[in-house]
Each structure stands twice: as C-alpha cells, then as structure tokens.
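The structure appears below as structure tokens.
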Amino acid sequence: MSDPSGTTWDVIVAGGGNAGLCAAIEAAERGASVLILDVAPKAYRGGNSRHTRNFRCMHQGPLSVLTDSYDEDEYFDDLLRVTKGKTDEDLARMTIRMSEECLPWMEAHGVRFQPSLSGTLSLSRTNAFFLGGGKALVNAYYNTAEDLGVSVIYEANVTHIDIAEGRFSGLDVEIGGQTKRIKGKTLVLASGGFQANIDWLAEAWGPAARNFLIRGTPYNRGRVLRDMLDQGADSVGDPTQCHAVAIDGRAATFDAGIVTRLDCVPFSVVVNKNGERFYDEGEDVWPKRYAIWGRLVAGQPEQVGFAVIDSQAINDFMPSVFPPETADTIEGLAQKLGLPGNALKETIDAYNAACRPGTFEPNDLDGLSTEGLDPPKTNWARPITEPPYYGYMLKTGVTFTYLGLKVDRTSRVSTAAGKLENVWAAGEIMAGSILGEGYLAGFGMTIGTVFGRIAGQEAAAHVA
Numbered sequence: 003m004s005d006p007s008g009t010t011w012d013v014i015v016a017g018g019g020n021a022g023l024c025a026a027i028e029a030a031e032r033g034a035s036v037l038i039l040d041v042a043p044k045a046y047r048g049g050n051s052r053h054t055r056n057f058r059c060m061h062q063g064p065l066s067v068l069t070d071s072y073d074e075d076e077y078f079d080d081l082l083r084v085t086k087g088k089t090d091e092d093l094a095r096m097t098i099r100m101s102e103e104c105l106p107w108m109e110a111h112g113v114r115f116q117p118s119l120s121g122t123l124s125l126s127r128t129n130a131f132f133l134g135g136g137k138a139l140v141n142a143y144y145n146t147a148e149d150l151g152v153s154v155i156y157e158a159n160v161t162h163i164d165i166a167e168g169r170f171s172g173l174d175v176e177i178g179g180q181t182k183r184i185k186g187k188t189l190v191l192a193s194g195g196f197q198a199n200i201d202w203l204a205e206a207w208g209p210a211a212r213n214f215l216i217r218g219t220p221y222n223r224g225r226v227l228r229d230m231l232d233q234g235a236d237s238v239g240d241p242t243q244c245h246a247v248a249i250d251g252r253a254a255t256f257d258a259g260i261v262t263r264l265d266c267v268p269f270s271v272v273v274n275k276n277g278e279r280f281y282d283e284g285e286d287v288w289p290k291r292y293a294i295w296g297r298l299v300a301g302q303p304e305q306v307g308f309a310v311i312d313s314q315a316i317n318d319f320m321p322s323v324f325p326p327e328t329a330d331t332i333e334g335l336a337q338k339l340g341l342p343g344n345a346l347k348e349t350i351d352a353y354n355a356a357c358r359p360g361t362f363e364p365n366d367l368d369g370l371s372t373e374g375l376d377p378p379k380t381n382w383a384r385p386i387t388e389p390p391y392y393g394y395m396l397k398t399g400v401t402f403t404y405l406g407l408k409v410d411r412t413s414r415v416s417t418a419a420g421k422l423e424n425v426w427a428a429g430e431i432m433a434g435s436i437l438g439e440g441y442l443a444g445f446g447m448t449i450g451t452v453f454g455r456i457a458g459q460e461a462a463a464h465v466a
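Take 3 as the starting number for the sequence shown in this note's numbering and just add one per residue.
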C-alpha cells in the first residue's frame, strides 16, 4: 500500500488477532476507512488466535453445531467457579448474553464450525469448534476485511500512542526500519498481553518466570499496554494472573501452541520433582480445571511437575504431540523422568491403597475417589497398577496475561481524568476486566469477539 502516514484514518486497529479483526470488520461495514497494524510477519498474523480451537457460546436451544442449550446462569456459574468470584459481573453477563448473537455473525463472515471431538474436552453443548482451527478463522476474517477495503500493514511495531487532553490523534510505528507518524480519528487497542516479554513476567513473578514456556505468539510483548499504562490509562488485573496451563515440558519456549497441552492430568497422579503429590488431580471436569495447573506447577520446585499413568488410562485423553516416557516398573519410569525412584514408588503405593471401588466414567464426574489421602483425588481415582507405565514432564505454559486496560460496557478506555474520547480496547489487552483469575475453555475468544465487535461499532459511530 502507499505510505500510511499520508492519510488520516477513520479507525486504526493496533493488533491483528481475533479481537482486532472483529473491530476492523464492524467499522469497515459502517463505512469507515480502517488500518490494521500487526507487529508480526504475515505468516504469523493473528496473534494467539492462530492457536485457538473454539468459542464458548450461550444458546437457548440447538445452534449451529451446538447441542441442547447453555443458558446465561449456567455459563456465569461456570465462570464464577474458575475465577473464584473475581470478575465484573455486569461485563461478564453482558459478554455471555452477546455471545449468542456472535456465532451467527461469525458464520456470516466466513468462519466455519465442526462438532466437538470426544475425549476430555466434551464440549458439544458449550463450545463451538472452528473447522480448520484458529488459523482458518483468522484467514476467513482477513479475507472478509480485504473484501471490505481494510488496509493491513505487517511487521508494524507501534512504539508510542499520542494522547493529549483525553483524546488520541496519532501514533508512532516502526515499519521497515523507519519510524512513521500515522494519524487517526479513532483507535482500537487489540494488541494482546505481555506474556512474551519474559523480563516483564519476571518483574511480577520473580526468577520463576524464566522457567515458563509461552504457548502463544512471541510478538505479544506488551509495548502498547506499557505505553498506555505509562500515560495513565486505568489498569485492571493482577500482573501475576494469567491463562496458564500445564504443557509438555519439551515444548518450544515460544509459539508452542495448543498441541503441547497435556489432557492426561485428571487420570494421572501428578508429582513434583521430589516425587510428592501436591493437588487433587480429579477436582472437576478438565475444561473447568485445566487452566489452574499451569499456576500449580509454577509453585513447585524448579517450576516442574510430572504426570504418571498406566496402560488403563493411555487412551482416555487426547494423544500428546510428543510420546510419553514409558517403563515396565514405577522405579524404571522414575529413572527416565529424573525422579527419586523410592519416593515415587511410595507415592503411587499410597495412592493405590487409598483408591476405592466404583465405576470409572472418563467424561463425567464419577465420584471415584480416594479415602484418607492428602490431598485427595475426588474423581477418576483408579489404581495405577497396569504396566507399562507412562510419564510426562509438565511445565507452566502461559497463554496470555490478565494485567490490562480497564474498559466499560462500550469497550472505552479511561484514565484518572475520565474516559478517553476516542480510544477503545478489545481482546486480551482488556480481558482482565472479566477474568480476575482462572480460565474457562473458549472464553478468551468470546471476550475478544464481543468486545472487538463493540469497539469497531463504537469507533465507527464516533467518526460518523
């Protein structure tokens, strides 16, 4: 495209993932001239949305690929359980209600869905899965945006946002080794969290953060967020809170993606490097508990854990991308995992002795629990007695951080002096407004879609 600094754009969107694309599409459909600035190269466009699989959606009856119904109160109760009440109820309920109208909107803009797979993520009623995954969703939205005349610049690093007297007028962006000033009438911030900035993570977590792996894009370094906070934007969320899951310890440091998540935990005994259990592996169904395990592992020595199963369980969860370590004895498995053999054997023996008879139901809370064990295992507690035995190393995989910009129902950003006249935020950069801690499968895409659409509508209305 021609030099973007020669135009005053109606709407500038900083960030080219799901939230930014939804904002751009909504604004363009209302006649606005729209520019997307994405820091990543084109091949890596889409931010963390490339790695997503599904969208959590309220519905009163069967909707597209979703079965039965999933009403507002049940959805909100699920959110309360994972956040332990740390949410803005008004914003959360608004997001939940608006999710129902978002799914048909997504389909109308090129997104295709498929029924959920079987396994530990049994979500046919609550989550609509993208046909082709998040990359297909991102490509569909970019195709739609192109058809609407939206301009996109890749490898565009926003370094400073010019805000004075409560309004935005332009921003500085590095493109091709040069800094350009691009002017705009409105701004939508959709540039994600700061999880790929390990130094910033370490400021919050301490040295432990340097042992974390980053599941998503390496380009979410928090530059835009930091610039806004430095200029007095109202913040929300705890810098140590994030969407963090237990992933395969052999995964890459960055961009590991969803395939490195391990779904075996509910059917496992999980120990630390000393061979000791530290939490109830069977506390709840996996979609409501998988996101607590990254934080649990982060609290263990050297930020590492180990999941141990036997041949009874190897087919009860989605297969791992890397094969597990395997051995015919617990002591042999301990040696391969680098664990103290006697300690692991004692832990497994104590667990086995505490297991009680019952019916194993892998997709439901089955009440098959231990007795007299601390911590207990409250579901799926089968003895680990059938060789061969399998083991995985677990590390903390951070998806996105919850420290972000505080927004209102219209997605508008504010400062101590009041709401900014023409700046909105959507997606992970403001998700802490709703997610105080914990995570609910598919809810990040819901937040991004709902607030991205709102931000785009509001920006276009402001220009009009």
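Just so you know, even glycine gets a beta-carbon here, dropped at the ideal spot from N, CA and C. In this text the structure is predicted, and so the values were computed from the model without any measurement.
DSSP-derived helix/strand/coil call for residue i
{"i": "residue 54", "result": "coil"}
{"i": "residue 402", "result": "strand"}
{"i": "residue 88", "result": "coil"}
{"i": "residue 15", "result": "strand"}
{"i": "residue 111", "result": "coil"}
{"i": "residue 176", "result": "strand"}
{"i": "residue 157", "result": "coil"}
{"i": "residue 213", "result": "helix"}
{"i": "residue 186", "result": "strand"}
{"i": "residue 131", "result": "strand"}
{"i": "residue 59", "result": "coil"}
{"i": "residue 7", "result": "helix"}
{"i": "residue 32", "result": "coil"}
{"i": "residue 459", "result": "helix"}
{"i": "residue 116", "result": "strand"}
{"i": "residue 44", "result": "helix"}
{"i": "residue 198", "result": "coil"}
{"i": "residue 146", "result": "helix"}
With 16 other Cβ atoms within 10 Å as the buried cut-off, status of residue i
{"i": "residue 136", "result": "buried"}
{"i": "residue 122", "result": "At residue 122 the pLDDT is 41, less than 50, meaning the model places this residue with poor confidence; the figure from the coordinates comes in the next sentence. Residue 122 comes out buried."}
{"i": "residue 430", "result": "buried"}
{"i": "residue 420", "result": "exposed"}
{"i": "residue 119", "result": "exposed"}
{"i": "residue 377", "result": "exposed"}
{"i": "residue 325", "result": "exposed"}
{"i": "residue 90", "result": "buried"}
{"i": "residue 283", "result": "buried"}
{"i": "residue 374", "result": "exposed"}
{"i": "residue 344", "result": "exposed"}
{"i": "residue 199", "result": "buried"}
{"i": "residue 365", "result": "exposed"}
{"i": "residue 387", "result": "exposed"}
{"i": "residue 75", "result": "exposed"}
{"i": "residue 309", "result": "buried"}
Inter-residue spacing [alpha-carbon to alpha-carbon] between residue i and residue j
{"i": "residue 50", "j": "residue 201", "result": "20 Å"}
{"i": "residue 312", "j": "residue 392", "result": "6 Å"}
{"i": "residue 191", "j": "residue 395", "result": "37 Å"}
{"i": "residue 303", "j": "residue 210", "result": "9 Å"}
{"i": "residue 245", "j": "residue 177", "result": "31 Å"}
{"i": "residue 383", "j": "residue 371", "result": "5 Å"}
{"i": "residue 187", "j": "residue 466", "result": "10 Å"}
{"i": "residue 333", "j": "residue 347", "result": "6 Å"}
{"i": "residue 16", "j": "residue 423", "result": "17 Å"}
{"i": "residue 167", "j": "residue 459", "result": "23 Å"}
{"i": "residue 461", "j": "residue 434", "result": "22 Å"}
{"i": "residue 114", "j": "residue 197", "result": "29 Å"}
{"i": "residue 207", "j": "residue 92", "result": "30 Å"}
{"i": "residue 251", "j": "residue 319", "result": "18 Å"}
{"i": "residue 240", "j": "residue 73", "result": "29 Å"}
{"i": "residue 150", "j": "residue 125", "result": "34 Å"}
{"i": "residue 442", "j": "residue 285", "result": "15 Å"}
{"i": "residue 390", "j": "residue 357", "result": "20 Å"}
{"i": "residue 82", "j": "residue 94", "result": "10 Å"}
{"i": "residue 25", "j": "residue 413", "result": "11 Å"}
{"i": "residue 193", "j": "residue 454", "result": "12 Å"}
{"i": "residue 279", "j": "residue 44", "result": "44 Å"}
{"i": "residue 180", "j": "residue 148", "result": "25 Å"}
Residue-level contact to chain D via CB, residue i, 7 Å cutoff
{"i": "residue 101", "result": "No chain D is present in this structure, which holds just one protein chain."}
Ranges of the beta strand (DSSP E) found wholly within the region 416–450, counting only runs of at least 3: Entirely contained in the region 416–450, the beta strand (DSSP E) runs reaching 3 residues are, in chain order, 420–427.
In chain order, each beta strand (DSSP E) run of at least 3 residues that lies wholly inside the region 220–293: The DSSP assignment places 244–250 and 271–273 as complete runs of the beta strand (DSSP E) inside the region 220–293, in order along the chain (cut-off: 3 residues).
Validate contact between the region 62–73 and the region 148–156 using beta carbons, cut 8 Å, 3 pairs: No: the two stretches stay apart, fewer than three of their Cβ pairs being nearer than 8 Å.
The region 448–459 touching the region 54–63, judged by at least three CB pairs closer than 8 Å: Contact between the region 448–459 and the region 54–63 is present, because at least three Cβ pairs lie under 8 Å.
The region 404–413 / the region 246–258 touching (three or more Cβ pairs under 8 Å): Segments in contact, no.
Three CB pairs or more closer than 8 Å across the region 255–265 and the region 214–228: Verdict: yes, contact present.
Given 8 Å, three or more beta-carbon pairs between the region 140–151 and the region 85–103: These segments do not touch.
Complete runs of the beta strand (DSSP E) confined to the region 309–338 [at least 3 residues]: Listed in chain order, the complete beta strand (DSSP E) runs (minimum 3 residues) inside the region 309–338 are 327–329.
Inter-stretch contact at 8 Å, needing at least 3 Cβ pairs: the region 274–289 / the region 218–237: In short, these stretches do not touch, since the Cβ pair count stays below three.
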